[in-house]
Every structure is written in structure tokens, then in C-alpha cells.
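For what it's worth, my numbering labels the leading residue of the sequence shown as 7, then goes sequentially.
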Amino acid sequence: MAEDLLTALRDELNGVDEELVRLVGRRQHLVAEIGRTKQQSGRGTRDYAREKVVVERARALATELGIDPGAVAALFEGLIRASLAVQERDRIVQRAGGLGRPVLVIGGAGLMGRWFTSFLDAQGYHVTIADPGGPVEGFASVDDWATLDLDAFYMVLVATPMRAANDILEALALRSPSAIVLEISSLKEPVRPGLDSLVKAGVAVASLHPMFGPGVDLLSGRHVVLIDLGHKPALEAARALFEDTMATLVEMELEQHDRAMAFVLGLSHAINIVFGDTLARSGHRAERLGEVSSTTFARQLAVAGEVAHENPHLYFEIQALNPNTIDVLDALSESVDRLRRQIAEGAQPEFVAMMEGRREFLRARAERMKG
């Protein structure tokens with residue numbers, strides 16, 4: 007009898023779940039219509055005030071119904087992200103800024119190469135891939151870009167590993183194509199000789215750095231660094247690729263880029279690699295530690311887990327090819343040594359001063375993230 011009741015309740019729950027999915031589909035359809043209406047009236051995709059109202063209404067209704075408002079808010083925040091992704095993709099496709107112009111993606115079979123291939127294709131560009139790793143289904147492909155007539159392309163985008171990218175840029179400079187040349191390396195010093203050669207050859211070239219990985223499908227909250235190499239039309243072509251997205255575009259001088267990345271990428275990666283390595287050598291199982299984790303530990307463990315699943319060869323290049331890495335790692339080591347000494351000596355006032363002294367530095371960013 008109890009088993010029959012349990013089966014009936016589970017069947018009813020399955021029906022509720024199916025109805026939820028149908029309602030999400032209906033919501034996404036409405037979202038797409040709203041996005042098209044916004045586009046026709048020249049309004050932006052994202053409306054932070056509206057998002058806040060939606061989440062607050064959901065929280066209030068959840069409280070009224072005796073449901074956990076935090077869980078409901080998280081559900082609606084996920085729906086909002088999905089809605090924004092729909093509107094962003096629709097805006098890109100509807101505008102079709104590529105106008106069928108031919109683009110060559112060198113390294114298009116790699117992870118970021120595939121991301122840019124899909125991204126450019128959605129904008130209406132006619133994409134050809136050059137990659138010895140093999141073709142990508144749905145796109146014209148060749149093994150060797152050097153066999154192509156580069157002047158037949160509007161743009162050439164280099165999306166290869168950094169060690170290969172500089173040689174390709176140097177070879178492109180020798181060909182001096184009429185096409186715009188863009189490259190997306192995570193560091194710029196390793197490709198600087200090639201960029202300099204392109205500039206000297208009079209090629210329309212610009213550099214950019216997408217501050218996200220190939221798994222991203224919504225660019226809201228993401229950053230793209232643009233580097234002006236002296237050719238304004240090339241820079242504007244790079245900017246135009248993202249003008250219908252919600253990505254934040256940041257211009258940076260070539261000389262500043264790798265110094266900043268030593269902290270933004272190098273330091274953050276190093277901390278998470280060391281965190282994971284320390285735990286792995288602790289003798290404790292990650293699952294067991296997770297069972298007794300604090301909020302801070304759970305968050306840090308999640309980030310370290312994500313880092314551990316990234317491409318280790320790329321992450322090594324980001325550390326090893328940046329001339330600023332050793333200085334940053336030395337600074338990290340100094341901070342750890344200072345903390346160790348404070349604990350070993352029982353220097354609580356120094357410990358407190360260290361935490362409080364950095365609070366103001368971090369507060370502005372935290373407040374911006376909230377707002």
C-alpha cells in the first residue's frame with residue numbers, strides 16, 4: 007500500500023516537473039519576443055532594474071507560500087541568465103553584422119577556435135577553418151592556412167596556442183595580407199615580435215584577449231581586453247565583433263597587459279593550484295573535507311576544482327611565458343611568510359592589521375559586484 011502511494015506521488019511529481027519545463031519553454035519564448043521588441047526600439051538587452059524586480063517579487067511570493075526564498079531566488083537568477091543568453095544570441099543573429107564576409111580562423115579546431123568559429127558564424131560571417139587538428143563539421147576546412155589566398159578574406163583570426171601563434175604572426179607579416187589580422191593570446195609578450203612585424207609590414211592588426219573560456223555562452227559580466235596597435239580600423243573591427251553582446255570591452259596598452267595578467271590570471275591560478283596541491287598532500291579525502299566544509303572552504307574548493315580541470319599545458323604557459331610571474335610569486339610567498347610568522351609568534355595585532363588593511367582595497371570591487 008505504501009509502495010503504491012509512493013509510486014503515485016512520484017508520478018504526480020514527474021507531471022509537475024514536466025509542467026515546469028513547459029513553463030520554462032513558454033517563458034523563453036516570451037523572452038525572445040521581448041528581446042526582439044527591445045531591439046526594434048533600440049533598447050539594450052539587459053535591464054538591471056527589471057531583473058531586481060523579478061527576483062524580489064519571486065522572493066516575496068516564496069515567503070508568502072512558505073517556500074525557501076533563497077532557493078526560489080537562485081532559480082529565477084538562473085532563468086534570467088538563460089533569458090539573457092537567448093536575447094544575446096538572437097540579437098547577434100538578427101543583426102548579422104558579418105554580412106557574409108569571409109573570415110579565416112587559424113586554429114579553428116581548438117577550444118577557443120571553435121568558440122570564435124561559432125560566434126562569427128552566428129554573426130553572419132562565412133568562416134573557413136585552418137587547423138592540422140582536423141575539420142570542424144559544418145565549416146570549410148584546410149590543414150595549412152599558408153596554402154590559401156589570404157587577400158580573399160576580410161579577416162584572419164589567430165586562435166592557436168601561444169607558442170605557435172608568434173610564428174604564425176611572423177609568417178602572416180611576410181605575406182602582408184590585405185585582410186584584418188586579429189589574435190587572441192592570453193599573454194602578449196610571447197607574440198609581441200609577430201605583432202611588431204605585422205605593424206611594420208603595414209598590416210591592419212589588432213590584439214584582443216577574451217577573459218573567459220570556451221564554455222561561456224553568455225557574455226554578460228565577461229570582459230574582453232582590446233589592445234590598440236596603431237591601426238584604428240582594425241581595432242574598431244575587433245570592437246564590432248562584440249558590440250551586440252553584453253561583454254564589457256576594456257582598452258589596455260600592450261605594455262600594461264602582461265603585468266596585469268600576472269595578477270589576474272597568474273596569481274589566481276597559482277593560489278588555486280597550491281590550494282589543491284596542499285589538500286591533495288594532506289592525507290584527507292576531498293569528499294570528507296567537503297562534508298564538513300565551511301562556506302569559505304566550499305567556495306574555494308569549487309574554484310580550485312574548476313582550475314584543476316582546465317588545460318594544464320595552457321596554464322603552464324600562462325605562468326612560464328609571462329616575464330612578470332616570478333615577481334608576483336615572490337610577492338605571494340612574502341605574504342604567506344608574513345602570515346606564517348604572525349601565527350607562529352602569536353602576533354594577533356599584526357594579523358588583524360593585515361586583514362583590516364586590505365579590506366578597503368577589496369571593498370570597492372565587492373560593492374561594485376553587489377550593485
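Just so you know, even glycine gets a beta-carbon here, dropped at the ideal spot from N, CA and C.
Would you mind sorting residue 319 into buried or exposed? The rule is 16 or more other CB atoms within 10 Å of its CB. exposed
Runs of beta strand (DSSP E) lying entirely within the segment 247-298, each at least 3 residues, in chain order: 254-257
Coil, strand or helix - residue 141 by DSSP: coil
Keeping to the same chain, check which residues put their C-beta closer than 8 Å to that of residue 275; ignore five residues upstream and five downstream. 313, 321, 324 and 325
Tell me, please, which residues DSSP counts as bridged to residue 134. 110 and 146
Which whole-angstrom value describes the C-beta separation of residue 257 and residue 273, a residue pair presumed to lie in contact below a C-beta threshold of 8 Å? Contact doesn't hold; Cβ gap of about 23 Å is too wide.
Tell me whether residue 221 is buried or exposed, calling it buried when 16 or more other Cβ atoms sit within 10 Å of its Cβ. exposed
Using the DSSP secondary-structure output, state which residues sit across from residue 216 in a beta bridge. 230
Of the choices 37, 84, 196 and 160, whose alpha-carbon is the least far from that of residue 244? 160
Pair every Cβ in the segment 85-102 with every Cβ in the segment 248-256, then say whether three or more of these pairs are closer than 8 Å. yes
Can you look up residue 225 in the DSSP assignment and give me helix, strand or coil? coil
Let's test the definition: count the other Cβ atoms within 10 Å of the Cβ of residue 328 and tell me whether it reaches 16, buried, or not, exposed. buried
Starting from residue 349 and walking both ways along the alpha helix (DSSP H), at which residues does that stretch end? 331-350
At the level of alpha carbons, what is the spacing between residue 351 and residue 305? 29 Å
Beta-carbon contacts of residue 98 that lie in its chain and below 6 Å, excluding the five residues immediately before and after: 128, 129 and 250
Simplified DSSP state of residue 20, which is helix, strand or coil: helix
Check whether the segment 141-161 touches the segment 110-124, taking contact to mean three or more Cβ pairs, one atom from each stretch, closer than 8 Å. yes
Please state whether DSSP places residue 316 in a helix, a strand or coil. coil
Rounded to whole angstroms, what is the Cα-Cα separation between residue 26 and residue 9? 26 Å
Quick one: grab the DSSP three-state call for residue 162. strand
Cut-off 7 Å between Cβ atoms - residues of its own chain near residue 62, not counting five sequence neighbours on either side: none
Residue 168 vs residue 191 beta-carbon contact at 8 Å: yes
Just list the residues that DSSP pairs residue 211 with in beta bridges. 187
With 16 other CB atoms within 10 Å as the buried threshold, where does residue 212 fall? buried
Let's see if you can read the secondary structure: which residues bound the alpha helix (DSSP H) around residue 236? No alpha helix (DSSP H) contains residue 236, which DSSP labels as neither H nor E.
Quick check: the Cα distance between residue 303 and residue 288, rounded to an integer number of angstroms? 15 Å
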